[in-house]
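Novice:
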Amino acid sequence: MSSPQKYILVALPTSIVPHGDEETALASLKSRVPQDAGAVTQFHIPTFKIGTLDALVLQADELAKVDQQVESAVAKVADVLRSICPDGSEEHKTVNDKSVDEYLRSFTWSNVKYRSERSIADLIEVLHQEVVTLDNDLKHKFQEYQSVRTNLTSLERKVTGNLSTKSLYNVVDKEDFISGSEYLETILVAVPNALKGEWFRSYETLAPMVVPRSSSELASDDEFTLFNVTLFKKHTAEFVHKARAKKFVPRDFKWTANGTENAHREAESVRQQERSLHNQTLALARAAWNDEFMAWIHIKALRVFVESVLRYGLPLEIISAVIGINNSKGYEKVKKQLDSAYNYLGGNAFGRDKKGNIRDDLPSDLATGDTAEYSAYVFYSFEIL
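Each residue of the sequence shown is one higher than the one before, counting from 15 in this note's numbering.
1) What span of residues does the beta strand (DSSP E) with V263 cover, start to end?
2) Count Cβ pairs between the segment 133–151 and the segment 256–265 that sit closer than 8 Å; are there 3 or more?
3) Would you kindly work out how many angstroms separate the C-alpha atoms of A302 and L152, rounded to a whole number?
4) Judging by CA-CA distance, which residue of N293, I59, S334 is the nearest neighbour of W123?
5) Across the segment 161–173 and the segment 266–285, are there enough close Cβ pairs to call them in contact, namely three or more that are closer than 8 Å?
6) According to DSSP, which residues form a beta bridge with K20?
7) Tell me the residue span of the beta strand (DSSP E) that contains T167.
8) Using C-beta distances below 7 Å, list every residue in its chain close to A135, excluding the 5 sequence neighbours before and after it, in chain order.
9) Roughly how many angstroms lie between the CA atoms of T174 and T219, to the nearest whole one?
10) Quick one: which unbroken alpha helix (DSSP H) runs of 4-plus residues sit fully inside the segment 194–270? Chain order, please.
11) Taking buried to mean at least 16 other C-beta atoms within 10 Å of its own C-beta, is L43 buried or exposed?
12) Kindly indicate which residue of Q83, R96, A208 has the alpha-carbon position closest to the one of F307.
13) Helix, strand or coil, according to DSSP, for Q56 in the structure here?
14) If you reduce the DSSP assignment to three classes, tell me which class V126 lands in.
15) Tell me the rounded alpha-carbon separation between Y21 and I398.
16) Any contact of the segment 125–139 with the segment 61–76, i.e. 3+ C-beta pairs under 8 Å?
17) Return helix, strand or coil for I64, following the three-state DSSP convention.
18) CB T239 to CB T200, shorter than 8 Å?
19) I need the boundaries of the alpha helix (DSSP H) containing S354, first residue and last residue.
20) How about F267 and Y197: do their beta carbons lie closer than 8 Å?
21) Determine the burial state of K180: buried for a count of at least 16 other Cβ atoms within 10 Å of its Cβ, exposed for fewer.
22) According to DSSP, simplified to helix, strand and coil, what is L328?
23) How big is the Cα-Cα spacing for E438 and Q294?
24) If you pair each beta-carbon of the segment 29–49 with each one of the segment 347–354, do three or more pairs fall below 8 Å?
25) According to DSSP, simplified to helix, strand and coil, what is V80?
26) Spatial neighbours of K188 within its chain, please: CB distance less than 8 Å, with the 5 preceding and 5 following residues excluded, ordered by chain position.
27) The alpha helix (DSSP H) with E36 in it runs from where to where?
28) Confirm, please, whether the CB-CB distance from Q19 to V114 is below 8 Å.
29) Label V71 either buried or exposed according to how many other C-beta atoms from any shown protein chain fall within 10 Å of its C-beta, with 16 as the threshold for buried.
30) Once the 5 residues before and after N150 are set aside, which same chain residues still bring their CB inside 7 Å of it?
31) Enumerate in chain order the residues of its own chain whose CB-to-CB distance from L298 is below 7 Å, with the five nearest sequence positions on each side excluded.
32) Can you tell me which of the three DSSP states S103 falls into?
33) State the DSSP-derived secondary structure class of I30, mapped to helix, strand or coil.
34) Out of curiosity, what's the CA-to-CA distance linking L209 and S86?
35) Measure the C-alpha to C-alpha separation of T250 and A277 and round it to an integer number of angstroms.
Okay, here's the thing in structure tokens:
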């Protein structure tokens, strides 16, 4: 599994610099992020239709929920890709023919798919439903593939397994079975090698009407020896039950003239079906990754916009950026630098004392529990597995 890629989305008012110039604000933000910890790129977000304050608050809550749901769906796609391409899933995780990192650093809102003049509520619904549909389609296709894969594994095990599981068409002959009898039948039993003596001592007494001395050794491997035994059909169920109690393995096998040919034909049919479903699942997973990841980042863009309006007010004059974290220690380093520079944006909660140092006066109800992650500025972090 590849290491997770961590990113930060941040939005700041352009008033962080004199005259509120956007380019100067972006340059100021870049100067706050150590180059060995993260790389800053502008994250372009359009202006959306804004309703009432109450509507924005509700939309912020809804976006948080949808963000989590879509993130979970994207993670499921990654799991499917790892399952069907364990040695090369990363090459299939592209968005608009770009790597994830390239897509994030060149992000622009897709007006073709999600027209920005629509209401925020409509955009949330469209994005969410798109992901739900893709998630369900991939789930069903992957289940279909897993079912066929399990069937193929079972058939392959019949070729490569021991005598208790493998196909017996290449092991036994027609002469090993009694034929043409209305009352008698021959069954096959795989006996652990350590229990061969017990088999010979007990098989004639496991059920009534077992034909004496009818058992012969047909084949053996490192674990089991295969025997046949003939008995009256009406006592077969009892024989099988008692044989299993003694740790013998009765085989459900009936001789047919074309058995070997039919077994090969079945295996090849399932093998072709597995290859076809593998390709179909891979194609669908690639498409799902492309579209679901794109939808996820558009959801995050909406979150940044809505949260910026709620925090900074109108007219909205912000600079938004994506920060790619360069190493395991980079996140904490970047967050510390951003907090040091911009915590004053939180007002009284993050003011400065007379010496210009950050004063953290968060009320006790905000400084505990989950809200301890509260930032004084618009800040979202996420990982891509």
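Heads up, the beta-carbon is just placed ideally off N, CA and C, and yes, glycines get one too.
Specialist: Let me lay it out:
1) The residue given as residue 263 occupies position 249 in the sequence shown. Per DSSP, V263 belongs to the beta strand (DSSP E) from 263–265.
2) Two segments are said to touch when three or more pairs of C-beta atoms, one from each, lie closer than 8 Å; by this definition the segment 133–151 does not touch the segment 256–265.
3) Position 288 of the sequence shown holds residue 302. Position 138 of the sequence shown holds residue 152. Their backbone Cα atoms lie some 7 Å apart in a straight line.
4) Residue mapping note: residue 123 aligns to position 109 of the sequence shown, counting from 1. When the alpha-carbon of W123 is set against those of N293, I59, S334, the nearest one is in I59.
5) The segment 161–173, when compared against the segment 266–285, does touch it at the 8 Å Cβ threshold.
6) Walking along the sequence shown from the start, residue 20 turns up at place 6. According to DSSP, K20 bridges with E397.
7) Position 153 of the sequence shown, counting from 1, holds the residue named residue 167. Here T167 belongs to no beta strand (DSSP E); instead the alpha helix (DSSP H) covers 134–174.
8) Taking the first residue of the sequence shown as 1, we reach residue 135 at position 121. Counting only Cβ-Cβ distances below 7 Å, and skipping sequence neighbours, we find Q73.
9) For the purposes of this step, residue 174 is identified with residue 160 of the sequence shown, where counting begins at 1. For the purposes of this step, residue 219 is identified with residue 205 of the sequence shown, where counting begins at 1. Distance from the CA atom of T174 to the CA atom of T219, rounded to whole angstroms, is 33 Å.
10) The qualifying runs are 210–216, 250–259.
11) Against the sequence shown, residue 43 aligns to sequence position 29. Buried.
12) Mapped onto the sequence shown, residue 307 falls at position 293. Nearest C-alpha to F307: Q83.
13) Translated into positions along the sequence shown, residue 56 becomes position 42. Three-state DSSP puts Q56 in a strand.
14) In the sequence shown, the residue the question calls residue 126 occupies position 112. In this structure, V126 counts as coil in the three-state DSSP scheme.
15) Start at 1 with the first residue of the sequence shown, and residue 21 comes out as number 7. Start at 1 with the first residue of the sequence shown, and residue 398 comes out as number 384. Spanning the two alpha carbons is a distance of roughly 8 Å.
16) In this structure the segment 125–139 lies against the segment 61–76, because at least three pairs of beta carbons, one per stretch, are closer than 8 Å.
17) Here residue 64 corresponds to residue number 50 of the sequence shown, with the count starting at 1. Under the three-state reduction of DSSP output, I64 falls in the coil class, being neither helix nor strand.
18) The residue given as residue 239 occupies position 225 in the sequence shown. The residue given as residue 200 occupies position 186 in the sequence shown. Taking 8 Å as the Cβ cut-off, T239 and T200 do not qualify as a contacting pair.
19) Position 340 of the sequence shown, counted from the start, is the residue given in the question as residue 354. S354 -> alpha helix (DSSP H) spans 344–356.
20) Taking the first residue of the sequence shown as 1, we reach residue 267 at position 253. Taking the first residue of the sequence shown as 1, we reach residue 197 at position 183. Against a cut-off of 8 Å, the Cβ pair of Y197 and F267 comes out as no contact.
21) Residue mapping note: residue 180 aligns to position 166 of the sequence shown, counting from 1. Classification for K180: buried.
22) Working through the sequence shown from its first residue, we reach residue 328 at position 314. Here L328 sits in coil by DSSP.
23) In this structure the chain extends from 15 to 399, so residue 438 is not present and cannot be described.
24) With a cut-off of 8 Å, the segment 347–354 and the segment 29–49 count as touching, because enough Cβ pairs lie within range.
25) Within the sequence shown, numbered from 1, the residue matching residue 80 stands at position 66. Of the three classes helix, strand and coil, the one that applies to V80 here is helix, per DSSP.
26) Residue mapping note: residue 188 aligns to position 174 of the sequence shown, counting from 1. Excluding positions up to five away in sequence, the list reads W269, A271.
27) One-based indexing of the sequence shown puts residue 36 at position 22. 36–46 is the extent of the alpha helix (DSSP H) around E36.
28) Counted from its first residue, the sequence shown places residue 114 at position 100. Counted from its first residue, the sequence shown places residue 19 at position 5. Closer than 8 Å, so yes.
29) Here residue 71 is taken as the residue at index 57 of the sequence shown, counted from 1. It is exposed - the Cβ of V71 has fewer than 16 other Cβ atoms within 10 Å.
30) As a first step, residue 150 is located in the sequence shown; it is residue number 136 there, counting from the start. Taken in chain order, the list of residues that qualify is empty.
31) To locate residue 298, count along the sequence shown from 1; it is residue 284. Shown here for L298: same chain residues with a beta carbon closer than 7 Å to its own, the five before and five after excluded, namely D151, L152, K155 in chain order.
32) Start at 1 with the first residue of the sequence shown, and residue 103 comes out as number 89. DSSP places S103 outside both helix and strand once states are collapsed to three, so it counts as coil.
33) Taking the first residue of the sequence shown as 1, we reach residue 30 at position 16. If DSSP states are grouped into helix, strand and coil, I30 belongs with the helices.
34) One-based indexing of the sequence shown puts residue 209 at position 195. One-based indexing of the sequence shown puts residue 86 at position 72. Approximately 52 Å, taken between the alpha carbons.
35) Numbered from 1 along the sequence shown, position 236 holds the residue referred to as residue 250. Numbered from 1 along the sequence shown, position 263 holds the residue referred to as residue 277. Rounded to whole angstroms, T250 and A277 show a C-alpha spacing of 25 Å.
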